[in-house]
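The block underneath contains the structure these notes are about, expressed in structure tokens.
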Amino acid sequence: MVNVKLLKAQMVLNNYTIGKLANEMGISTKTLSTRLNKSPEKFTQAEIQKIVTILKISDLMRIFFNH
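Going from the sequence shown to my numbering is simple: count from 1 and add 67.
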């Protein structure tokens, strides 16, 4: 289960909006917004890798594999 609050906190800390992150990931703003707000379990492995790289996330397990 994705910890959306921690992911959004990382976005804020790195000065990323949904639009800016989506653009750098190569997906639509709508797709990223839907993933964050309605179905975070549907992030693909490739999307997770892009987010981790773009936001320089060091605590991958805590954000993306939180049970």
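For every residue, glycine included, the Cβ atom is placed at its ideal position computed from N, Cα and C.
Predicted model only: the values in this text are computed from it and were never measured.
Own chain, CB closer than 8 Å to residue i, minus 5 neighbours either side, in chain order
| i | result |
| --- | --- |
| N133 | M68, V69, N70, L73 |
| I130 | V69, N70, L73, L74, Q77, I124 |
Local conformation of residue i per DSSP, three classes
| i | result |
| --- | --- |
| G86 | helix |
| M128 | helix |
| S100 | helix |
| I34 | Past the edges of the chain, shown from 68 to 134, lies residue 34, and the structure says nothing about it. |
| K75 | helix |
Extent of the continuous alpha helix (DSSP H) to which residue i belongs
| i | result |
| --- | --- |
| K109 | K109 -> no alpha helix (DSSP H), and no H or E assigned at all. |
Close Cβ partners of residue i (< 7 Å) along its chain, the five nearest in sequence each way excluded
| i | result |
| --- | --- |
| G86 | T96 |
| L127 | V119 |
Residue i versus residue j: straight-line alpha-carbon distance, rounded
| i | j | result |
| --- | --- | --- |
| Q112 | L80 | 23 Å |
Query raised in the report: Is the segment 90 to 98 touching the segment 107 to 122, taking contact as three or more C-beta pairs under 8 Å?
Result: Yes, since at least three Cβ pairs between the segment 90 to 98 and the segment 107 to 122 fall closer than 8 Å, the two stretches touch.
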